Amino acid sequence: MRKTTQYNFLKDTAMGIAIPILIFLGILYIPLSGVILIVLFPMPILFYRLKLGRKMGAFIMILVLSIIIAIIGGISLDILFYSCLLLTGFLLGEYIEKPLSIEKTGIYTCLSTISVYTGFFFFYAFISDQEIISIISKYVAANLEMSLKLYPLIGVAQKDIEIISKSIEAIQYVLVRIMPSLVAIILILVTWINILFIKTIMVKKGIFIQRFEKLNKWKAPEQLVWIVIILCLIVFIPVKNLKIIGLNFIIVLIPVYFFQGIAIVSFFFEKKRFPVILRFFIYTLIAIQQIFLFFIVGLGFFDTWFDFRKLKILNDTKQN
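The sequence shown maps to residues 0 to 319 in numbering that gives the first Met the number 0.
Encoded structure:
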């Protein structure tokens, strides 16, 4: 019995190290699968943090990060990004174990990770003796150049590539200034998707977390919509710095209403008992077609007034 327990422990530890390394290698050498694999990257750390505990979870995270540094060959912004994703998985495990609402679990994970990432970023700027804006500009330029090389592989027309190439400086200018919100939005999306994944895994193992149930009835605080409206007005003020600040905050809030929109879609899928294949098809369309993404965000935003799921009526009925 003891040997079996030790074997399972060693197997879990080895899997906890091997899986994120394999995902990382996939990100590195299969660029077209990068987006999907980046989302999955924190999941093994989250799973084995919950299964093996805090100390072993931290050990696995640090060892995985050390191996990644050895593969890349030093400290860079990419290392900071991957360490940020690993930390997201670990911290999400920490907050899931606490008696927190799903909103607080996600918010605390994102804020903690962003705080650590910001600290490491400033430290990196200090030891490399570079200005922050210069580091971001070089990083964005390198990634834009890489994207241009990938476009022919994914079937982008040469004419479109030339148009993008001519506009590269303008694109770089915008991306550098909205980089804080882009980092935040990636973390928010990664955190939320990993919450959904870990919930599914736990349900299959017979573990139910009550506060994670009925996510399709989730909605953002109603007061948040007025903040969005104020931020939209700020964007129209003819002051460049205010425009940038307003735009960054709006971008950060977009996932909130996307999640609410997806919750509405999921609610009606469940209510109307849509077949799994049809659900998968619709979710795939939402993921790959920008027009559907905007529709889902709009659905979540206007739900504040229209209450598409009639949650207020349901809550009033329960109270009575």
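Glycine included, each C-beta is placed from N, C-alpha and C at the ideal position.
Here the structure is a predicted model, which means the values were calculated and not measured.
Proximity of residue i and residue j at Cβ, strictly below 7 Å
i, j, result
"residue 285", "residue 291", "yes"
"residue 81", "residue 67", "yes"
"residue 119", "residue 79", "yes"
"residue 56", "residue 89", "yes"
"residue 227", "residue 252", "yes"
"residue 84", "residue 41", "yes"
"residue 266", "residue 215", "yes"
"residue 230", "residue 249", "yes"
"residue 39", "residue 25", "no"
"residue 383", "residue 107", "Lying before the first or after the last residue shown, residue 383 is absent from the chain, which here runs from 0 to 319."
"residue 143", "residue 30", "no"
"residue 247", "residue 177", "yes"
Reduced DSSP category for residue i - H, G, I as helix; E, B as strand; rest coil
i, result
"residue 269", "helix"
"residue 221", "coil"
"residue 264", "helix"
"residue 204", "coil"
"residue 258", "helix"
"residue 286", "helix"
"residue 176", "helix"
"residue 156", "coil"
"residue 236", "coil"
"residue 306", "coil"
"residue 165", "helix"
"residue 151", "helix"
"residue 213", "coil"
"residue 130", "coil"
Per-residue burial, residue i [other beta carbons within 10 Å of its own, 16 or more giving buried]
i, result
"residue 180", "buried"
"residue 237", "exposed"
"residue 110", "exposed"
"residue 8", "exposed"
"residue 145", "exposed"
"residue 376", "No answer is possible for residue 376: it lies beyond the span of the chain, which begins at 0 and ends at 319."
"residue 240", "exposed"
"residue 202", "exposed"
"residue 277", "exposed"
"residue 296", "buried"
"residue 86", "buried"
"residue 153", "exposed"
Close-in-space but distant-in-sequence residues of the same chain around residue i (CB under 8 Å, 5 per side omitted)
i, result
"residue 127", "134"
"residue 136", "171, 175"
"residue 271", "none"
"residue 254", "184, 187, 188, 191"
"residue 62", "16"
"residue 123", "74, 76, 79, 134"
"residue 198", "208, 211, 214"
"residue 165", "none"
Beta-carbon proximity list for residue i, same chain, < 7 Å, skipping 5 on both sides
i, result
"residue 105", "190, 191, 194"
"residue 71", "77, 78"
"residue 92", "45, 48, 49, 56"
Contacts around residue i, its chain only, beta-carbon distance under 6 Å, and the 5 residues preceding and following it disregarded
i, result
"residue 298", "260, 263"
"residue 219", "255, 259"
"residue 242", "234"
"residue 303", "221, 224"
"residue 139", "171, 174, 175"
"residue 268", "278"
**Request:** Enumerate, from N- to C-terminal direction, the unbroken alpha helix (DSSP H) stretches of 4 or more residues contained entirely within the region 19-48.
**Result:** 33-39
**Message:** Restricting to runs no shorter than 4 residues, where is the alpha helix (DSSP H) found entirely within the region 44-124?
**Reply:** Counting only runs of 4 or more residues that sit fully inside the region 44-124, the alpha helix (DSSP H) segments are 53-71, 76-95, in chain order.
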